[in-house]
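Some notes on the structure that comes next.
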């Protein structure tokens, strides 16, 4: 009983972090996204490189703590800058990933790793991510249902190597980023404003494909990690 209570107390750190991140992200998107879209519609046309450098610089802290959706940022970037937005977006993503990882690592202080020792199921997850960190992060980032902040927090909780996380995460986000930029370009060609639009009909099927690909990849690598762990030494 004492062990279970201790595990619950330790587990609160991870639960609270995820919950707060999701709540703040939802609050930001419900309250600020419409205003941000309207402001960009009025001021974002034909701006200089300095304007966009400052815009993406301001996006770094919002993205790193999970307030801004990386998909939304890519959609806005595609609308105004087309494929050239990748020159701004990729460095912004990498810097945000590093800052978010280090911030969560500092807040957690190893509490999650201590929690894993009291749960066999969580130990399996930790084993899975540590045996195949690159492919695990890559496939997890493919998924449209796992936010930037959630995966950043998970990798920081488990103290995965930061360079492995950043490289795999950056490569894994590219399909969704390219899709969002493409959608932004299509929206601009069909609508006069970013505040009122509908996503292309191909958007949902492609997201579903990425979700299935992510799930299959995760299941495959998890099966490999389990089979490796039970092999006789």
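In our numbering, the protein residues as written are 4 to 236.
For glycine and all other residues, C-beta sits at the position ideal for the given N, C-alpha and C.
| Asked | Found |
| --- | --- |
| Label residue 220 either buried or exposed according to how many other C-beta atoms from any shown protein chain fall within 10 Å of its C-beta, with 16 as the threshold for buried. | buried |
| Which residues in the same chain as residue 142 place their Cβ atom closer than 6 angstroms to its Cβ, once the five residues preceding and following it in sequence are excluded? | 217, 220 and 221 |
| Using CA atoms only, rank isn't needed, just tell me which of 191, 227 and 149 is closest to residue 74. | 149 |
| Three or more C-beta pairs closer than 8 angstroms, one from the segment 151 to 159 and one from the segment 181 to 196: is that the case here? | no |
| Three-state secondary structure (DSSP) at residue 4? | Confidence in residue 4 is poor, its pLDDT being 45 and thus under 50, which makes the residue's placement unreliable; the coordinate value appears in the next sentence. Note: residue 4 maps to coil in three-state DSSP. |
| Between which two residues does the alpha helix (DSSP H) containing residue 96 stretch? | 89 to 111 |
| For the putative contact between residue 78 and residue 187, defined by C-beta atoms under 8 angstroms, what is the C-beta separation to the nearest angstrom? | 5 angstroms |
| Roughly how many angstroms separate the alpha carbons of residue 98 and residue 59, rounded to a whole number? | 11 angstroms |
| Do residue 95 and residue 140 have their C-beta atoms within less than 7 angstroms of each other? | no |
| In whole angstroms, what is the alpha-carbon distance linking residue 133 and residue 168? | 11 angstroms |
| Using DSSP with H/G/I as helix, E/B as strand and the rest coil, what is residue 147? | coil |
| Have a look at residue 166 and residue 172 and give me their C-alpha separation to the nearest angstrom. | 10 angstroms |
| With residue 74 as the anchor, note down where its alpha helix (DSSP H) starts and where it stops. | 73 to 84 |
| Hey, residue 209 and residue 174: beta-carbon distance below 7 angstroms or not? | no |
| Thinking C-beta only, is residue 102 closer than 7 angstroms to residue 67? | yes |
| Taking the runs of the alpha helix (DSSP H) that are 4 residues or longer, which of them lie wholly in the segment 135 to 223? | 136 to 145, 151 to 160 and 165 to 193 |
| First and last residue of the alpha helix (DSSP H) that includes residue 53? | 52 to 67 |
| Cβ atoms of residue 213 and residue 145: under 7 angstroms apart, would you say? | yes |
| Give me, in chain order, the residues of the same chain whose beta-carbon lies closer than 7 angstroms to that of residue 81; leave out the 5 immediate sequence neighbours on both sides. | 88, 183, 184, 185, 186, 187 and 188 |
| Does the beta-carbon distance from residue 49 to residue 83 come in below 7 angstroms? | no |
| Could you say which of 114, 197 and 85 lies nearest to residue 180 if we only look at CA atoms? | 85 |
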